[in-house]
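J.: Provided herewith is a single structure, encoded as structure tokens, for subsequent inquiry.
Number of protein chains: 2
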Amino acid sequence: MTTRMGRVTCDLSISVDGYSAGLNQSEQRPFGDDGGDGWGDKLHAWMTDTEENRAELERMTAATAFIMGRNMFGPVRGEWDRQWNGWWGDNPPYHAPVFVLTHHPRDPQPMDGGTTFHFVTDGIESALKSAREAAGDGAVSVQGGATTVNQYLAAGLIDELRLHIVPITLGAGTRLFDGVPSLNLEQAESRAASSVTHLTYRVLS
Amino acid sequence: MTTRMGRVTCDLSISVDGYSAGLNQSEQRPFGDDGGDGWGDKLHAWMTDTEENRAELERMTAATAFIMGRNMFGPVRGEWDRQWNGWWGDNPPYHAPVFVLTHHPRDPQPMDGGTTFHFVTDGIESALKSAREAAGDGAVSVQGGATTVNQYLAAGLIDELRLHIVPITLGAGTRLFDGVPSLNLEQAESRAASSVTHLTYRVLS
Numbered sequence: 063m064t065t066r067m068g069r070v071t072c073d074l075s076i077s078v079d080g081y082s083a084g085l086n087q088s089e090q091r092p093f094g095d096d097g098g099d100g101w102g103d104k105l106h107a108w109m110t111d112t113e114e115n116r117a118e119l120e121r122m123t124a125a126t127a128f129i130m131g132r133n134m135f136g137p138v139r140g141e142w143d144r145q146w147n148g149w150w151g152d153n154p155p156y157h158a159p160v161f162v163l164t165h166h167p168r169d170p171q172p173m174d175g176g177t178t179f180h181f182v183t184d185g186i187e188s189a190l191k192s193a194r195e196a197a198g199d200g201a202v203s204v205q206g207g208a209t210t211v212n213q214y215l216a217a218g219l220i221d222e223l224r225l226h227i228v229p230i231t232l233g234a235g236t237r238l239f240d241g242v243p244s245l246n247l248e249q250a251e252s253r254a255a256s257s258v259t260h261l262t263y264r265v266l267s
Numbered sequence: 063m064t065t066r067m068g069r070v071t072c073d074l075s076i077s078v079d080g081y082s083a084g085l086n087q088s089e090q091r092p093f094g095d096d097g098g099d100g101w102g103d104k105l106h107a108w109m110t111d112t113e114e115n116r117a118e119l120e121r122m123t124a125a126t127a128f129i130m131g132r133n134m135f136g137p138v139r140g141e142w143d144r145q146w147n148g149w150w151g152d153n154p155p156y157h158a159p160v161f162v163l164t165h166h167p168r169d170p171q172p173m174d175g176g177t178t179f180h181f182v183t184d185g186i187e188s189a190l191k192s193a194r195e196a197a198g199d200g201a202v203s204v205q206g207g208a209t210t211v212n213q214y215l216a217a218g219l220i221d222e223l224r225l226h227i228v229p230i231t232l233g234a235g236t237r238l239f240d241g242v243p244s245l246n247l248e249q250a251e252s253r254a255a256s257s258v259t260h261l262t263y264r265v266l267s
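Note that the protein sequences, when read in sequence, are chains A and B. Residue 63 is where the first sequence starts when you use our numbering, and the numbers rise one by one after that. Residue 63 is where the second sequence starts when you use our numbering, and the numbers rise one by one after that.
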């Protein structure tokens, strides 16, 4: 019997040319120029079809600890000189500890519904160690953005990569796999929904 | 009733990170460092499973005229100072006119089984015009490599893009969409086989 303890997963919505965000990301347009009008219109529109994509959406939030880069957490740069508790309101969808990678220390930020944002200043391996401890028998999910995912992939720390490929190309922006050496993958699952294809890969090496 | 006359399709096998060939392409290894031992081992291994992938394979060769870049046609560079009639033996799988983009003139090269290689020296639009004329009511297929496909995509000349996504990343090489501006696509079809996912997109703009 294999244990799933400490398994590290990653979900990322990307364009067909591999971008998780376009150029010119801002507070008003967190995913930048993605051809939509705002909050991830194009790259994340599939998430609003909760019926058709139920299995994938449930799997995305099934982890018991989460990791994200600071740019995914919010638009504040440098010191935490402005109150910012993420994009997700008072009750974020994580309901578990979320470890935010940053160079600037900040006290943990508890939210409603069981989410607490922890701010990690000593690197991706330290964040993963804390997340594994917090996750217990559950999985750790690396949430993104692509820059953070690329660091974990390059370090060989992702076990399962779930890509949600959206029918658009962006031509520029933040690209998944940028700077990541060759990986040997196993196609574990693949399913086409009406406006997105869900691909799950195990990372073998 | 819409006519399909002159429809331009493109089939390309790519890694999950979008490469159609690795670095260090050579006569011995036409697809370069792709993690395999030779002739496109990894990127094209799915083609040997003709039962599971029958529909996609039949669709790939259903066009009635083909276009390819010179690097896909063969390893000869510069003047045609060496006899080279493609990688496919005396009876290539095209059975139709194939227009090869090159800067160096050469007489048409008829092969067995109905394939004739025509060498086009005045650019991609001229090659497409000739291919459309040769295709009659049928489709024109842009065969690759990615450099050629990117030129046609950037010029807005591809109607249907069929990607065969292989579970490997290469990290470097010739990348589909490199330098191609943002495209609006429609996911027309998507099917997972055991070791490849077939994605078909219509190019809307």
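Heads up, the beta-carbon is just placed ideally off N, CA and C, and yes, glycines get one too.
Which residues in the same chain as T259 of chain A place their Cβ atom closer than 8 Å to its Cβ, once the five residues preceding and following it in sequence are excluded?
T.: Closer than 8 Å at Cβ, skipping near neighbours: H226, I227, S252 and R253.
J.: For G80 of chain B, which residues from the same chain have a beta carbon less than 7 Å from its beta carbon, with the 5 sequence-adjacent residues on both sides left out?
T.: Contacts found: R237, L238 and F239.
J.: Show which residues of chain B have a CB atom less than 7 Å away from the CB atom of V242 of chain A.
T.: Ordered by position in chain B, the residues that pass the 7 Å Cβ test against V242 of chain A are T231 and G233.
J.: Applying a beta-carbon distance threshold of less than 7 Å, which residues of chain B neighbour G80 of chain A?
T.: D79 and G80, listed in chain order.
J.: Determine the direct distance from the alpha carbon of A117 of chain B to that of E248 of chain A, and round the result to whole angstroms.
T.: Their backbone Cα atoms lie some 23 Å apart in a straight line.
J.: Given that Y214 of chain A touches chain B, what residues does it touch there, using C-beta distances under 9 Å?
T.: Here the premise fails: no neighbours, minimum Cβ distance about 14 Å.
J.: Within 8 Å of any Cβ in chain B, is that where the Cβ of E248 of chain A sits?
T.: Yes, because at least one Cβ of chain B sits closer than 8 Å to the Cβ of E248 of chain A.
J.: Can you tell which of B:D152, B:M134, B:G140 and B:S75 has its C-alpha closest to the C-alpha of G175 of chain B?
T.: Ranking B:D152, B:M134, B:G140 and B:S75 by Cα distance to G175 of chain B puts B:D152 first.
J.: Going along the chain, which residues of the region 106 to 117 of chain B sit with their C-beta nearer than 7 Å to a C-beta in chain A?
T.: Against chain A - using a Cβ distance shorter than 7 Å - the region 106 to 117 of chain B contributes no residues.
J.: To be precise: take each residue of the region 249 to 260 of chain B, compare its Cβ to all Cβ atoms of chain A, and keep it if any distance is under 8 Å. Which residues remain?
T.: Within the region 249 to 260 of chain B, the qualifying residues are Q249, E251, S252, R253, A254, S256, S257, V258 and T259.
J.: Tell me where the alpha helix (DSSP H) around F135 of chain A begins and ends.
T.: From DSSP, the alpha helix (DSSP H) with F135 of chain A extends over R132 to F135.
J.: Could you give the first and the last residue of the continuous alpha helix (DSSP H) run that contains R116 of chain B?
T.: Counting along the chain, the alpha helix (DSSP H) containing R116 of chain B begins and ends at R116 to M122.
J.: Between the C-alpha atoms of P167 of chain B and T178 of chain B, what's the straight-line distance to the nearest angstrom?
T.: Computed Cα separation, rounded: 15 Å.
J.: Would you call the region 140 to 152 of chain A and the region 210 to 229 of chain A touching, i.e. three or more CB-CB distances under 8 Å?
T.: No: fewer than three Cβ pairs fall under 8 Å.
J.: What is the DSSP secondary structure of W101 of chain B, counted as helix, strand or coil?
T.: Only weak support is given to the placement of W101 of chain B: the predicted model assigns it a pLDDT of 48, under 50, and the value that follows is read from those uncertain coordinates. The answer is coil: DSSP assigns W101 of chain B none of H, G, I, E or B.
J.: Less than 8 Å between the beta carbons of L105 of chain A and S77 of chain A, yes or no?
T.: For L105 of chain A and S77 of chain A, yes; Cβs fall inside 8 Å.
J.: Three or more C-beta pairs under 8 Å: does that hold for the region 180 to 198 of chain A against the region 154 to 162 of chain A?
T.: Taking 8 Å as the limit for Cβ pairs, the verdict is that the region 154 to 162 of chain A does touch the region 180 to 198 of chain A.
J.: Using a Cβ-Cβ distance under 8 Å, would V179 of chain B count as near chain A?
T.: Inspection of the sequence shows that residue 179 of chain B is occupied by Phe rather than by Val. No, its Cβ sits nowhere closer than 8 Å to a Cβ of chain A.
J.: Anything in the region 176 to 201 of chain A with a Cβ closer than 9 Å to a Cβ of chain B? List those residues in chain order, please.
T.: The residues in question: there are none.
J.: Assuming D227 of chain A is part of the beta strand (DSSP E), what are its boundary residues?
T.: Asp is not the amino acid found at residue 227 of chain A; the sequence shown has Ile there. I227 of chain A -> beta strand (DSSP E) spans E222 to V228.
J.: Does DSSP classify V204 of chain A as helix, strand or coil?
T.: V204 of chain A: strand per DSSP, three-state reduction.
J.: Going by the CB atoms, is the gap between G84 of chain B and G131 of chain B shorter than 8 Å?
T.: Not closer than 8 Å, so no.
J.: Excluding the 5 residues flanking R224 of chain A on each side, which residues of the same chain have their C-beta closer than 6 Å to its C-beta?
T.: The answer, listed in chain order, is D73 and T262.
J.: Just the chain A side, please: which residues come within less than 7 Å of F128 of chain B by C-beta, in chain order?
T.: Under the 7 Å cutoff, chain A gives no residues; its nearest Cβ is about 23 Å from F128 of chain B.
J.: Closer than 8 Å, CB to CB, is L85 of chain A near chain B or not?
T.: So no, L85 of chain A is outside the interface.
J.: Along the chain, which unbroken stretches of the beta strand (DSSP E) at least 3 residues long are found entirely within the region 129 to 193 of chain A?
T.: Within the region 129 to 193 of chain A, the complete beta strand (DSSP E) runs of at least 3 residues are 159 to 163 and 178 to 182.
J.: Does DSSP put M63 of chain B in a helix, in a strand, or in coil?
T.: Note that M63 of chain B has pLDDT 36, beneath the 50 cutoff, so the model's placement of it is unreliable and no number is given.
J.: Going by beta carbon distance, what residues of the same chain come within less than 7 Å of A216 of chain B, once the five residues before and after it are set aside?
T.: Cβ within range, chain order: G241, V242 and P243.
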